[in-house]
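If you want full-length UniProt numbering, it's the 1-based position in the sequence shown plus 29.
Backbone N, C-alpha and C fix where the C-beta goes; we use that ideal spot for every residue, glycine too.
Notes to accompany the following structure.
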Amino acid sequence: NVILAIESSCDETSASICVDGKVMNNVIATQEIHSKYGGVVPELASRAHQQAIGPVVKEAMATANVTMSDLDAIAFTQGPGLLGALLVGGAFAKSMALALNIPLIGVHHMKAHILAHFIEEPKPKFPFLCLTVSGGHTQIVRVDDYLDMAILGQTTDDAVGEAFDKCAKLMGLPYPGGPLIDKLAKEGNENKFTFNETLMPGLDYSFSGIKTGFMNFLNKEKMKDPDFVEKNKKDLCASIQRHLIDMLLSKLELAARQERVNQVAIAGGVSANSGLRTKLEQLSKPNGWEVFIPRFEYCTDNAGMIGMTAHYQQLAGDTVPLTASPMPRMKF
Ligand code: ATP
Ligand code: MG
Ligand code: FE
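As structure tokens, then:
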């Protein structure tokens, strides 16, 4: 059984071939255009997807040695994401499904980030908790089966990746700033500075407060010394990263205790963060956790995870009609 999977929810155009539940490849075209605007520009993302999607799909099929007649289903990211970006992948997928007369599978992008854990070994066992941390989402999800999952807690405002990127921008770093904070933090003192943060009740998060706290702190220091940021960049990066990671992990610990689950996974672009990975490993011993972190390629947006999810959806008969349309705010 051969599935062609397409991802186009944000600023990565990606295609993957999945054969009998095995991800054969993962072709990704990253859009560089957004960096000079300090964030993803939706209109430009749609255009870039339109340019990339043909060649990306062609390459995925060629490197997996698959022809049109080999395909058994077409999967695409139906949401959540940018409308104009989702439309490109969706329209492409529908055209192929129509032409080849094969089923169409609409995949939920955030569920796919979680099922990225089943692309390679080691795989978590059910039930497990997944902390999904990306540019648009921050969620603690309880996963009872491939297609049976529920959100236990989530951000009420900004996503943690957004907080990384906005704090980076305040320090004059280019977009996306998350990876740069990670890099600079390695040489900084994470306990040098503290900022005001907002603690939400239960398992929910708020990241807009810490961003404002960070901004106010910088503004106050810059009044005293205009070069403050330049002189303290590494310590600032380490300190803001420490804050964000501690906020993420304290709720994850709470959730694991509450749910009595010892399989703990992270997913999404921010799970590439080396500080988060290290602290999660450190927490695993005292908590008795088995920790799962996907390879970097499968942390950020990729079609491999879409193919993986589509595999389980197809087994469950979960397909969509040709009238299916993108859902920018698709329900979990
Ligand atoms: P969503 O999946 O919610 O729709 P998205 O697809 O834009 O959002 P991803 O591509 O999964 O999100 O992740 C991108 C985010 O991950 C960006 O905010 C980026 O700064 C952040 N990120 C990537 N690498 C790192 C890192 N090493 N440290 C911190 N943040 C990082
Ligand atoms: Mg992205
Ligand atoms: Fe994503």
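For the beta strand (DSSP E) that contains residue i, what are its first and last residues?
i	result
D177	177-183
C328	It is not in any beta strand (DSSP E) - C328 carries neither H nor E in the DSSP assignment.
F321	319-321
H137	133-137
N45	Checking the sequence shown, residue 45 turns out to be Ser, not Asn. Segment 41-48, the beta strand (DSSP E) holding S45.
T59	56-59
G108	102-108
V299	Where V299 is concerned, there is no enclosing beta strand (DSSP E), given that its DSSP letter is neither H nor E.
I32	31-36
DSSP beta-bridge partners for residue i?
i	result
T352	According to DSSP, which records beta bridges pairwise, T352 is partnered with nothing at all.
V172	F157, M178
Y234	T184
T167	V162
K51	V48
If you count every other CB in all the chains shown that lies within 10 Å of the CB of residue i, and 16 or more means buried, which is it?
i	result
F325	exposed
P350	exposed
G346	exposed
P323	buried
G333	buried
Q80	exposed
G336	buried
M359	buried
S303	exposed
K152	exposed
D330	buried
L181	buried
Near residue i, which residues of its chain fall below 7 Å by C-beta distance, leaving aside the five closest residues on each side in sequence?
i	result
T338	V136, K140, A141, L144
K308	I274, L278
A199	Checking the sequence shown, residue 199 turns out to be Leu, not Ala. Taken in chain order, the residues that qualify are F243, M244, L247.
D49	N30
M97	L129
C266	I210, L213, A214, G217
Can you give me the start and stop residues for the alpha helix (DSSP H) that residue i sits inside?
i	result
S75	71-92
G190	189-199
F246	237-253
L209	207-214
I269	257-288
T307	303-316
V117	112-129
If I measure Cβ to Cβ from residue i and keep anything under 6 Å in the same chain, skipping five residues before and after, which residues do I get?
i	result
F105	I35, G118, G119, A122
E216	K263
M125	I103
K221	D264, S268
residue 364	Absent from the structure is residue 364, since the part of the chain shown begins at 30 and ends at 361.
L305	I274
L344	none
Q270	I210, A214, G304
G297	H142, T161, V162, S163
Sorted by chain position, which residues of the same chain lie with C-beta nearer than 8 Å to residue i's C-beta, five sequence neighbours on each side aside?
i	result
residue 362	The requested residue 362 is not part of the displayed model; the chain covers only 30 to 361.
G67	K198, P203, Y204
G201	V258
S38	T106, G108, P109, G110, L111, A114, L115, G118, H138, D330
Inter-stretch contact at 8 Å, needing at least 3 Cβ pairs: the segment 96-104 / the segment 56-72: no
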